[in-house]
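Numbering (my numbering) for the sequence shown: 8 to 289. Using N, Cα and C, we set each Cβ at its ideal position, and we do this for glycine too.
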Amino acid sequence: MNKASEVIMKIVFLLCACISIAAVIMICVFMFANGVPAIKEIGFFKFIFGTEWRPTQGIFGIGPMIIGSIYVTAGAMVVGVPIGLLTAVFLAKYCPEKIYKLVKPIINLMAGIPSIIYGFFGLVVIIPAIQDIFGTSGKGILAASLLLGMMILPTIINTAESSITAVPESYYEGALALGATKERSIFKTVIPAAKSGVMSGIILGMGRAIGETMAVVMVAGNQAIIPDSITSGVRTLTANIVLEMAYATGLHRRALIATAVVLFVFVLIINVCFSIINRRSE
Numbered sequence: 008m009n010k011a012s013e014v015i016m017k018i019v020f021l022l023c024a025c026i027s028i029a030a031v032i033m034i035c036v037f038m039f040a041n042g043v044p045a046i047k048e049i050g051f052f053k054f055i056f057g058t059e060w061r062p063t064q065g066i067f068g069i070g071p072m073i074i075g076s077i078y079v080t081a082g083a084m085v086v087g088v089p090i091g092l093l094t095a096v097f098l099a100k101y102c103p104e105k106i107y108k109l110v111k112p113i114i115n116l117m118a119g120i121p122s123i124i125y126g127f128f129g130l131v132v133i134i135p136a137i138q139d140i141f142g143t144s145g146k147g148i149l150a151a152s153l154l155l156g157m158m159i160l161p162t163i164i165n166t167a168e169s170s171i172t173a174v175p176e177s178y179y180e181g182a183l184a185l186g187a188t189k190e191r192s193i194f195k196t197v198i199p200a201a202k203s204g205v206m207s208g209i210i211l212g213m214g215r216a217i218g219e220t221m222a223v224v225m226v227a228g229n230q231a232i233i234p235d236s237i238t239s240g241v242r243t244l245t246a247n248i249v250l251e252m253a254y255a256t257g258l259h260r261r262a263l264i265a266t267a268v269v270l271f272v273f274v275l276i277i278n279v280c281f282s283i284i285n286r287r288s289e
């Protein structure tokens with residue numbers, strides 16, 4: 008009976024794995040089957056490096072959206088990575104148990120807050136603050152970066168904290184025994200040992216920032232232009248898709264699917280680059 012149950016469970020696990028793989032393959036086939044011909048029809052360089060997006064005139068250049076996505080994502084990482092990593096260190100090594108029981112559920116709650124709520128927070132709090140400080144409309148790269156930096160915090164904190172906690176205590180105690188301070192022991196011994204998990208958290212956070220749509224639509228300004236300052240309005244790749252897909256037809260619709268292909272390849276390149284850097288540093 009035990010052998011039979013083991014065989015059954017192996018089959019169940021295999022089916023689940025196959026379903027997951029099949030889902031990814033079907034998504035990729037759909038995107039590339041519709042997107043690649045559109046890129047070929049428009050012209051690769053015109054599509055990727057074009058600086059104008061005018062669907063009604065048959066002009067499809069996503070260069071401004073690519074630059075906007077890079078700026079917003081980079082800004083989010085500048086905001087989210089240091090705060091997330093330091094918070095993870097605090098929770099793993101400094102936080103008293105009573106405070107931990109209060110802070111940890113709050114961080115987990117942040118991960119479950121819908122994007123639209125973050126967007127409303129950006130509209131009500133972040134944008135008015137930027138308006139007062141810079142005297143602009145408030146919607147732009149800075150607002151989107153700050154908002155996305157907040158949104159990726161739970162991902163980075165939870166992943167980094169788990170990795171730091173998983174490092175054997177002997178690493179930390181050994182560094183202390185050799186005369187290192189507590190901070191030096193953590194940042195020179197524990198965090199390098201947890202590097203793989205920390206990098207995974209950063210990659211997941213970056214993926215969340217690149218793929219976020221609704222909150223960005225609400226605070227980024229949605230202008231398909233190349234920004235000239237951190238307060239300039241931008242349109243990201245995801246925002247471009249969601250804003251126009253509802254009414255797009257023909258080549259316009261296929262161009263939006265091609266935009267999703269570019270986004271997919273963009274994320275894939277980032278993951279590969281991080282993997283190469285991680286392997287070389289090991």
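Taking 8 Å as the upper bound for CB-CB distance, Val241 and Gly70 are not in contact here, some 12 Å apart. Remark: C-beta atoms of Ser122 and Glu219 approach each other more closely than 8 Å. Under the DSSP assignment, Met157 falls in the alpha helix (DSSP H) whose first and last residues are 148–158.
As for any alpha helix (DSSP H) of minimum length 4 sitting wholly inside the stretch 229–274, the runs are 244–251, ordered along the chain.
Note that the C-beta distance between Met157 and Arg215 is not below 8 Å. Here Ile264 is buried, its C-beta having at least 16 other C-beta atoms within 10 Å. For Leu149 and Pro135, the gap between their C-alpha atoms comes out near 12 Å.
Within the model, the alpha-carbon separation for Phe281 versus Asn9 is close to 43 Å.
In terms of CA proximity to Asn229, Asn247 leads the group Asn247, Glu168, Val272. When the five nearest sequence neighbours on each side are left out, the beta carbons in the same chain lying within less than 8 Å of the beta carbon of Tyr125 are those of Leu154, Met157, Met158, Ala222, in order along the chain. The alpha carbon of Val43 has as its nearest neighbour, out of Pro175, Arg261, Ile233, the alpha carbon of Arg261.
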